[in-house]
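**Q**
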Amino acid sequence: DGGITQSPKYLFRKEGQNVTLSCEQNLNHDAMYWYRQDPGQGLRLIYYSQIVNDFQKGDIAEGYSVSREKKESFPLTVTSAQKNPTAFYLCASSIRTGGVKETQYFGPGTRLLVL
Amino acid sequence: DAKTTQPTSMDCAEGRAANLPCNHSTISGNEYVYWYRQIHSQGPQYIIHGLKNNETNEMASLIITEDRKSSTLILPHATLRDTAVYYCIVVIYNQGGKLIFGQGTELSVKP
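Sequence order for the protein chains is A and B.
Quick note: the first sequence uses the numbering used here, first residue 1, plus one each step.
Quick note: the second sequence uses the numbering used here, first residue 116, plus one each step.
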């Protein structure tokens with residue numbers, strides 16, 4: 001089955017702790033994205049990557065970090081600098097970026113809660 | 116950035132067509148209209164997209180007005196499983212493919 005997987009489904013963070021959310025895709029897509037969704041709100045872009053070993057900040061990158069060492073993987077680390085990390089985190093991928101005809105496909109999401 | 120305006124909520128009877136409107140009066144000539152939906156606590160699901168012609172796929176139809184300032188997503192025979200929040204999004208060209216999600220329309224399909 002082709003698709004995007006995110007793990008874990010639920011994640012708990014203690015104060016001052018860094019946590020890493022996993023995102024893997026086997027669609028052979030070049031571009032990958034991380035979004036954050038707060039209750040009752042739309043999605044906001046955290047980081048995106050157009051190609052391996054390259055990524056750019058989105059609208060709300062502060063307190064987050066990413067890496068793109070492999071085409072199929074784009075992990076997101078929520079650092080202790082992110083003061084309000086409780087949210088639903090969504091990973092997406094698309095064949096390419098920079099053009100108009102790019103459909104993003106989303107994973108099932110990870111819900112992060114602060115203890 | 117082209118913004119979209121959608122009604123906050125709509126109801127539809129099961130088996131009837133659901134028509135979801137979207138206004139995007141500031142859309143540029145090379146921007147596409149995309150529709151996604153999100154069932155509670157799941158990732159958004161792609162439905163359909165278009166530039167200026169009407170489009171149809173196995174899930175829905177997309178009707179775009181001639182001036183491209185508005186569009187309508189049509190679910191021809193709504194089922195209870197179509198209950199979700201539907202997002203109309205204008206894709207910004209050459210900016211990392213960022214999707215700007217607004218509040219969307221909460222569609223409730225009722226028996």
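Think of the CB as a built atom: it goes at the ideal place given N, C-alpha and C, for glycine as much as any other residue.
Given the structure is predicted, the values throughout are model-derived calculations rather than measurements.
Looking at A:Lys71 and the ligand ADP, is the gap between the Cβ and the nearest heavy atom below 6 angstroms?
**A** Absence of the ligand ADP from the depicted structure is noted, as is the absence of any ligand whatsoever, leaving it without description.
**Q** If you follow the beta strand (DSSP E) that B:Asn138 is part of, which residue opens it and which one closes it?
**A** First-last of the beta strand (DSSP E) with B:Asn138: Ala133 to Asn138.
**Q** Hey, which unbroken runs of the beta strand (DSSP E) at 3 residues or more fall wholly within the stretch 157–219 of chain B?
**A** The qualifying runs are 160–165, 176–179, 185–190 and 199–206.
**Q** Counting only C-beta atoms, is A:Ser42 closer than 7 angstroms to chain B at any point?
**A** The identity of residue 42 of chain A in the sequence shown is Gly, whereas the question assumes Ser. For A:Gly42, the answer is yes, since a Cβ of chain B falls inside 7 angstroms of its Cβ.
**Q** List the residues of chain A whose Cβ lies closer than 9 angstroms to the Cβ of B:Gly219, in chain order.
**A** The answer, in chain order, is Gly42.
**Q** To the nearest whole angstrom, what separates the beta carbons of A:Pro85 and A:Cys23, a pair I think is in contact under 8 angstroms?
**A** At roughly 16 angstroms, the Cβ-Cβ gap does not stay under 8 angstroms, so A:Pro85 and A:Cys23 are not in contact.
**Q** Under 8 angstroms by Cβ, that's how I've got A:Gly109 and A:Phe88 pegged, so tell me the actual separation to the nearest angstrom.
**A** With a Cβ gap of about 5 angstroms, A:Gly109 and A:Phe88 count as contacting.
**Q** Secondary structure at A:Thr5, three-state DSSP: helix, strand or coil?
**A** In this structure, A:Thr5 counts as strand in the three-state DSSP scheme.
**Q** Are the stretch 216–224 of chain B and the stretch 49–67 of chain A touching, with three or more C-beta to C-beta distances below 8 angstroms?
**A** At 8 angstroms Cβ cutoff, the stretches do not touch.
**Q** For A:Ser93, report the span of its beta strand (DSSP E) as first-last.
**A** Looking at the DSSP string, the run of the beta strand (DSSP E) that includes A:Ser93 is Ala87 to Ser94.
**Q** Closer than 9 angstroms between beta carbons: that is the criterion. Which residues of the stretch 158–171 of chain B meet it against chain A?
**A** So the close ones are Gly158, Pro159, Gln160, Tyr161, His164 and Leu166.
**Q** Can you list, in chain order, the residues of its chain with a C-beta nearer than 6 angstroms to that of A:Asp38? Leave out the 5 residues immediately preceding and following it.
**A** Closer than 6 angstroms at the Cβ level, and outside the excluded window around A:Asp38, lie Ala87.
**Q** Got a sec, what are the start and stop residues for the beta strand (DSSP E) A:Ser117 sits in?
**A** Absent from the model: residue 117 of chain A. The displayed extent of chain A is 1 to 115, so no value can be given.
**Q** Does the beta carbon of B:Lys184 sit closer than 7 angstroms to a beta carbon anywhere in chain A?
**A** Not one chain A Cβ lies under 7 angstroms of B:Lys184.
**Q** Residue range of the beta strand (DSSP E) that A:Glu24 falls in?
**A** Taken as a continuous stretch (DSSP letters only), the beta strand (DSSP E) holding A:Glu24 covers Val19 to Gln25.
**Q** Using the beta-carbon count (16 or more within 10 Å), is A:Tyr10 buried or exposed?
**A** With fewer than 16 Cβ atoms within 10 Å of its Cβ, A:Tyr10 is classed as exposed.
**Q** From the DSSP output, which residues share a beta bridge with B:Glu221?
**A** Partner(s): B:Ser124 and B:Val200.
**Q** Grab the span of the beta strand (DSSP E) containing A:Asp164 for me, first residue to last.
**A** Given that chain A is displayed from residue 1 to residue 115, the structure contains no residue 164 of chain A and the question cannot be resolved.
**Q** Kindly indicate if chain A contains any beta-carbon less than 7 angstroms away from that of B:Lys225.
**A** It does not; no Cβ of chain A falls within 7 angstroms.
**Q** Who does B:Arg152 pair with in a DSSP beta bridge?
**A** Note: B:Arg152 sits in a beta bridge opposite B:Gln160 and B:Tyr201.
**Q** Counting contacts by CB-CB distance shorter than 7 angstroms, is B:Lys118 in contact with chain A?
**A** For B:Lys118, the answer is no, since every Cβ of chain A falls outside 7 angstroms of its Cβ.
**Q** Which residues does DSSP list as the beta-bridge partners of A:Lys70?
**A** Beta-bridge pairing links A:Lys70 to A:Ser73.
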